[in-house]
Amino acid sequence: MDCNSSFSPSQQTLHEWWAHCRLLQVKERGKGFDTLFMLIAWLLWKEPNARLFDRRLSTPDQLLETIKTEVKVWVEARAKRLGCLKRE
0 MDCNSSFSPS QQTLHEWWAH CRLLQVKERG KGFDTLFMLI AWLLWKEPNA
50 RLFDRRLSTP DQLLETIKTE VKVWVEARAK RLGCLKRE
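FYI, the numbering for the sequence shown is 0 to 87, going by numbering that gives the first Met the number 0.
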C-alpha cells in the first residue's frame with residue numbers, strides 16, 4: 000500500500016490523526032485511505048474480542064500479518080477504493 004501518513008504530537012485524538020492523514024492524500028486516494036483506516040480499525044477492535052471470547056491470543060506480528068492478509072483479500076475481491084492504494 001502506498002499512503003502518506005505521519006504522526007505529530009500535536010494531534011491528540013485518533014480522529015485528529017485520521018483527519019490530518021486524510022489531508023495528505025491526493026484526491027484519488029482519499030476514499031481508499033478511508034477504507035484502509037476503517038478496515039484496520041475494525042481488525043484492531045476485533046482482537047480483544049478474540050482474546051476474551053475465543054481465548055485466542057495474537058502477537059503484534061501475528062496481528063500485523065492478519066491485517067496484511069485481510070487487506071490483500073479485499074484488494075483481490077476488487078475493493079475499488081483499496082485497489083487505488085496499490086503501488087504501481
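C-beta atoms are modelled at their ideal positions from N, C-alpha and C, and glycine is treated no differently.
Being a predicted model, the structure only gives us computed values, none of them experimental.
Residues near residue 66 in its chain [Cβ-Cβ closer than 7 Å; skip 5 each side] = 39, 42
Leaving out five residues on either side along the sequence, give the residues of the same chain with a beta carbon under 8 Å from the beta carbon of residue 17.
-> 36
Would you decide whether residue 28 is buried or exposed? Buried here means 16 or more other CB atoms lie within 10 Å of its CB.
-> buried
Which value, in whole angstroms, describes the spacing of the CA atoms of residue 50 and residue 56?
-> 5 Å
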